[in-house]
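Notes follow once the structure below has been shown.
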Amino acid sequence: MSVALQIIIPLALLTGLALVFSIIIAIFSKKFAVEVNPKIELVENLLSGANCGACGYAGCSAFAKALVEGDATLPSCSATSKESKEEIAKILGSDDIGESTVVIVACNGGNSCQNKYSYQGYGDCASVELLAGGSKACPVGCIGMSKCIMECPHHAIELNEGHAMVKQEACVQCGVCISHCPKKLIKRLPSKAIYYIACSSEDRGKEVRSYCKNGCIGCRICVKNCKENALSFENNLPVFDYDKCTACGVCFEKCPAKCIKKLDI
Amino acid sequence: MSATAILVLIINAILVNNFILSRFLGICPFLGVSKKIDTALGMGFAVIFVMGVASVITYALNLLLIKANILYLQTIIFILVIASLIQLVEIIIRRFSPGLYAALGVYLPLITTNCAVLGVAIMNVTLPVPSVGSGLLVAFINGISSGIGFTIAILILAGIREKLQTADIPKIFQGFPITLLIASIMAMGFAAFSGFNIG
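In order, the protein sequences belong to chains A and B.
Under my numbering, the first residue of the first sequence is numbered 5, with each subsequent residue one higher.
Under my numbering, the first residue of the second sequence is numbered 71, with each subsequent residue one higher.
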């Protein structure tokens with residue numbers, strides 16, 4: 005066999021084979037092509053990527069798919085920033101981006117709240133809750149067994165003097181913790197909120213005082229002192245109207261129980 | 071080709087010379103995709119298909135290479151065949167089972183570099199079981215049963231790993247260390263089959 009043939013035969017064989025295989029693959033990929041909407045990838049890249057599951061979908065990529073197909077709406081995602089949501093709204097051709105919110109723990113008790121019993125054993129808040137409605141004397145007091153801290157995908161909750169507190173600089177408002185609190189103490193407020201009531205007990209002031217030093221005693225000083233009438237009083241607790249609140253801080257300073265708290269942002 | 075010869079081929083590929091546990095080829099997907107039985111099964115079927123088809127095509131091509139006296143091209147041509155087959159499998163799985171496609175992830179294209187597939191192709195042309203000889207049918211049976219051997223090994227490991235999720239494992243053994251330990255114990259178990267005198 006001549007030298008020329010020794011080069012040409014392998015070359016022809018290899019090229020020929022590669023050509024045959026590439027033609028087969030090309031035919032197959034046309035025949036079994038999967039149509040992917042290019043919008044889905046664009047939207048997915050803009051979402052926060054937290055994969056927290058608060059929207060009810062398996063993750064950000066499933067949510068992006070649902071968004072593009074019209075099965076989901078943007079307000080159900082709280083973890084994505086406002087700017088990114090506006091971008092996504094442009095891609096989707098809608099302008100409903102939902103209100104941005106903050107997540108807070110509406111309890112200030114912790115170590116200042118008396119214990120009904122001392123819990124020793126396995127578990128988290130949910131297991132303590134099963135035992136006579138929690139170890140705290142307050143029927144809605146934060147148990148402080150860190151269920152929300154363990155569930156938070158962003159490590160944005162910490163224990164502060166025995167009760168949970170949201171670290172606002174780390175929180176992305178996904179709201180996973182909200183459904184895990186057996187006392188329903190974690191609440192979502194509009195992002196306008198600067199001050200909030202850090203007590204959820206609907207008991208009368210005297211009773212609250214008997215078991216918790218930090219609870220709302222129902223004195224109504226905050227309601228009386230608010231110049232904007234932004235505070236009302238319902239079920240033995242003051243209620244903020246954040247549309248009226250100008251964040252002057254009078255209520256925060258005057259509260260004798262110090263259960264009106266300021267967001268640390 | 072006698073029925074005994076076929077049985078010898080199958081038992082040899084599945085038990086005696088199991089690709090993963092006796093020859094230690096194809097360890098990457100074995101450890102990577104064995105977290106859940108479902109995905110392990112999907113991976114196993116993909117490997118069975120690729121091994122079976124690749125065995126036939128590479129055996130036929132090898133005859134051509136011998137005729138043209140360019141046997142040195144063997145490895146590169148085998149890899150070409152295997153890579154093309156993986157592409158086909160990937161397209162088909164993506165079309166018909168997006169869930170499995172997402173679960174297999176990077177390990178699906180990685181079958182291309184799975185040494186077990188190249189290993190079965192090369193073993194086919196160098197007599198898998200000397201007493202049976204070689205041939206297109208031998209290559210096909212050997213390919214399919216090697217794939218089944220791979221599937222059985224990965225399924226056993228996936229089954230054990232699923233049980234392990236609820237087991238109380240010392241912290242330093244959690245994750246990969248315990249998996250490697252289990253794999254080695256399984257390999258010792260399969261070493262018992264090497265007592266079969268079928269060569």
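Built from N, CA and C at the ideal position, the CB exists for glycine as well.
Keep in mind that this is a model prediction, so the values were computed, not measured.
#### Entry: Backbone secondary structure at M169 (chain A) - three-state DSSP
Indexing the first sequence from 1 puts residue 169 (chain A) at position 165. Three-state result, M169 (chain A): strand.
### Query
Once you ignore the five residues that flank M154 (chain A) on each side, which residues in its own chain have a CB closer than 8 Å to its CB?
Your numbering for residue 154 (chain A) matches position 150 in the first sequence. The residues are D128.
### Task
Could you tell me which residues DSSP pairs with E238 (chain A) in its beta bridges?
Here residue 238 (chain A) refers to the residue found at position 234 when the first sequence is read from its first residue. E238 (chain A) is bridged to A:L241.
### Query
Once you ignore the five residues that flank A130 (chain B) on each side, which residues in its own chain have a CB closer than 8 Å to its CB?
On the second sequence, position 60 is the one that residue 130 (chain B) refers to. Excluding residues within five positions, the ones whose Cβ falls inside 8 Å are L206.
### Query
Where P242 (chain A) and C56 (chain A) are concerned, what is the direct C-alpha to C-alpha distance, given to the nearest angstrom?
Translated into positions along the first sequence, residue 242 (chain A) becomes position 238. Translated into positions along the first sequence, residue 56 (chain A) becomes position 52. Rounded to whole angstroms, P242 (chain A) to C56 (chain A) spans 32 Å at the Cα level.
### Query
Is it right to say K262 (chain A) is buried, meaning 16 or more other beta carbons lie within 10 angstroms of its own, or is it exposed?
Along the first sequence, read from residue 1 onward, the residue named residue 262 (chain A) stands at position 258. When all chains shown are included, K262 (chain A) counts as exposed.
### Query
Where does A228 (chain B) land, buried or exposed, given buried means 16+ other C-beta within 10 angstroms?
By one-based count along the second sequence, residue 228 (chain B) stands at place 158. Buried: at least 16 other Cβ atoms inside 10 Å.
### Message
Counting only Cβ pairs nearer than 8 Å, list the residues of chain B close to A22 (chain A).
### Response
Here residue 22 (chain A) refers to the residue found at position 18 when the first sequence is read from its first residue. Going along chain B in sequence order, the residues near A22 (chain A) (Cβ under 8 Å) are L150.
### Query
Whose C-alpha, out of A:Y121, A:A76, A:S26, A:K34, is nearest the C-alpha of L150 (chain B)?
Sequence index remark: in the second sequence, residue 150 (chain B) carries index 80 (1-based). L150 (chain B) has its Cα closest to that of A:S26, out of A:Y121, A:A76, A:S26, A:K34.
### Query
Do K151 (chain A) and A160 (chain A) have their C-beta atoms closer together than 8 Å?
Here the question's residue 151 (chain A) lines up with position 147 in the first sequence. Here the question's residue 160 (chain A) lines up with position 156 in the first sequence. No, the pair does not count as a contact, with Cβ atoms beyond the cut-off.
### Message
What does DSSP give as the partner residue(s) for C273 (chain A) in the beta ladder?
### Response
It is not possible to answer for residue 273 (chain A), since the shown part of chain A is limited to 5 through 269.
#### Entry: Euclidean distance between Cα positions of S232 (chain A) and Y200 (chain A)
Position 228 of the first sequence holds residue 232 (chain A). Position 196 of the first sequence holds residue 200 (chain A). Note on identity: in this sequence residue 232 (chain A) is Glu, with Ser being the wrong assignment. Their backbone Cα atoms lie some 16 Å apart in a straight line.
### Task
Would you decide whether V40 (chain A) is buried or exposed? Buried here means 16 or more other CB atoms lie within 10 Å of its CB.
Translated into the one-based positions of the first sequence, residue 40 (chain A) becomes position 36. Under this definition V40 (chain A) is an exposed residue.
### Task
Return the chain-ordered list of same chain residues with a C-beta closer than 7 Å to the C-beta of I127 (chain B), the five sequence neighbours on each side being excluded.
By one-based count along the second sequence, residue 127 (chain B) stands at place 57. Hits under 7 Å: V151.
### Query
Taking three-plus beta-carbon pairs below 8 Å as touching, is the segment 188-199 of chain A in contact with the segment 112-129 of chain A?
no
### Query
Going by beta carbon distance, what residues of the same chain come within less than 7 Å of C226 (chain A), once the five residues before and after it are set aside?
The residue you call residue 226 (chain A) lines up with position 222 of the first sequence. Cβ within range, chain order: L235, P242, C255, K258, C259, I264.
### Query
Residues of chain A with CB under 9 Å from L143 (chain B), in chain order?
Mapped onto the second sequence, residue 143 (chain B) falls at position 73. Those within 9 Å of L143 (chain B) in chain A are P14, L17, L18.
### Query
Which chain A residues are close to S167 (chain B), counting only those with a beta carbon under 8 Å from its beta carbon?
Locating residue 167 (chain B) in the second sequence gives position 97, counting from the first residue. Those within 8 Å of S167 (chain B) in chain A number zero; the least Cβ separation is about 11 Å.
### is_contact[Q244 (chain B), chain A] using C-beta, thresh 8 Å
Working through the second sequence from its first residue, we reach residue 244 (chain B) at position 174. No, Q244 (chain B) lies away from the interface with chain A (no Cβ there is under 8 Å from its Cβ).
### Message
Given this structure, state the Cα-to-Cα distance separating E206 (chain A) from V72 (chain A), to the nearest angstrom.
### Response
Sequence index remark: in the first sequence, residue 206 (chain A) carries index 202 (1-based). Sequence index remark: in the first sequence, residue 72 (chain A) carries index 68 (1-based). C-alpha separation (whole angstroms): 44 Å.
### Query
Does the beta-carbon distance from I252 (chain B) to M113 (chain B) come in below 8 Å?
As a position in the second sequence, residue 252 (chain B) is number 182, starting the count at 1. As a position in the second sequence, residue 113 (chain B) is number 43, starting the count at 1. Not a contact, by the Cβ cut-off of 8 Å.
### Beta-carbon neighbours of L158 (chain B), restricted to chain A and to distances below 8 Å
What you label residue 158 (chain B) is simply residue 88 of the second sequence in a count that begins at 1. Those are I28, I29, F32, listed as they occur along chain A.
### Message
Quick check: the Cα distance between G253 (chain A) and G113 (chain A), rounded to an integer number of angstroms?
### Response
Within the first sequence, the letter at position 249 stands for residue 253 (chain A). Within the first sequence, the letter at position 109 stands for residue 113 (chain A). The straight-line gap from Cα to Cα measures roughly 21 Å.
### Query
Which residues mark the beginning and the end of the beta strand (DSSP E) in which K241 (chain B) is found?
Looking up residue 241 (chain B) in the second sequence gives position 171. Premise fails: K241 (chain B) is in no beta strand (DSSP E) and is neither H nor E.
### Message
So the candidates are B:V78, B:A73, B:V103; which of them puts its Cα closest to the Cα of N184 (chain B)?
### Response
Numbered from 1 along the second sequence, position 114 holds the residue referred to as residue 184 (chain B). The option with the nearest alpha carbon to N184 (chain B) is B:V103.
### Task
Go through its chain and collect everything with a Cβ distance to D245 (chain A)'s Cβ below 6 Å, but skip five positions before and after it.
Start at 1 with the first residue of the first sequence, and residue 245 (chain A) comes out as number 241. Within the same chain, D245 (chain A) has close Cβ partners A234.
### Task
State the CB to CB distance for the pair I44 (chain A) and K69 (chain A), rounded to an integer number of angstroms; the pair is presumed to be in contact (CB under 8 Å).
Sequence index remark: in the first sequence, residue 44 (chain A) carries index 40 (1-based). Sequence index remark: in the first sequence, residue 69 (chain A) carries index 65 (1-based). Indeed, because the Cβ distance is near 5 Å, the residues count as touching under 8 Å.
### Message
For N194 (chain B) and S125 (chain B), which I take to be in contact (beta-carbon distance under 8 Å), what is that distance rounded to the nearest angstrom?
### Response
Counting from 1 along the second sequence, the entry for residue 194 (chain B) is found at position 124. Counting from 1 along the second sequence, the entry for residue 125 (chain B) is found at position 55. Right, the Cβ-Cβ distance comes to about 5 Å (below 8 Å), so this counts as a contact.
### Query
Are the C-beta of S192 (chain B) and some C-beta of chain A separated by less than 8 Å?
Translated into positions along the second sequence, residue 192 (chain B) becomes position 122. In the sequence as displayed, the identity of residue 192 (chain B) is Ile instead of Ser. Not an interface residue.
### Query
Is it buried or exposed for M258 (chain B), if we count other Cβ within 10 angstroms and need 16 for buried?
As a working note, residue 258 (chain B) is residue 188 in the second sequence. Classification for M258 (chain B): exposed.
### Query
Is the CB of F67 (chain A) under 8 Å away from at least one CB in chain B?
The sequence position of residue 67 (chain A) within the first sequence is 63, counting from 1. For F67 (chain A), the answer is no, since every Cβ of chain B falls outside 8 Å of its Cβ.
### Task
Under the assumption that P99 (chain B) contacts I181 (chain B) (Cβ atoms under 8 Å), give the Cβ distance between them as a whole number of angstroms.
Residue numbering aside, residue 99 (chain B) sits at position 29 when the second sequence is read from its first letter. Residue numbering aside, residue 181 (chain B) sits at position 111 when the second sequence is read from its first letter. With 8 Å as the limit, P99 (chain B) and I181 (chain B) qualify as a contact, their Cβ atoms being about 7 Å apart.
### Message
So, at 7 Å on beta carbons, what are the nonlocal neighbours of G169 (chain B) in its own chain, with the 5 sequence-adjacent residues on each side left out?
### Response
The residue given as residue 169 (chain B) occupies position 99 in the second sequence. Closer than 7 Å at the Cβ level, and outside the excluded window around G169 (chain B), lies no residue.
### Task
Measure the C-alpha to C-alpha separation of V190 (chain B) and L23 (chain A) and round it to an integer number of angstroms.
Here residue 190 (chain B) corresponds to residue number 120 of the second sequence, with the count starting at 1. Here residue 23 (chain A) corresponds to residue number 19 of the first sequence, with the count starting at 1. Going from the Cα of V190 (chain B) to the Cα of L23 (chain A) covers about 24 Å.
### Message
So, for L178 (chain B): in the same chain, excluding its five sequence neighbours on each side, which residues have a beta-carbon less than 6 Å away from its beta-carbon?
### Response
For this step, residue 178 (chain B) is matched to residue 108 along the second sequence. Contacts found: E160.
### Task
Return the chain-ordered ranges of every alpha helix (DSSP H) run that is complete within the segment 144-184 of chain B and spans a minimum of 4 residues.
144-166, 168-174
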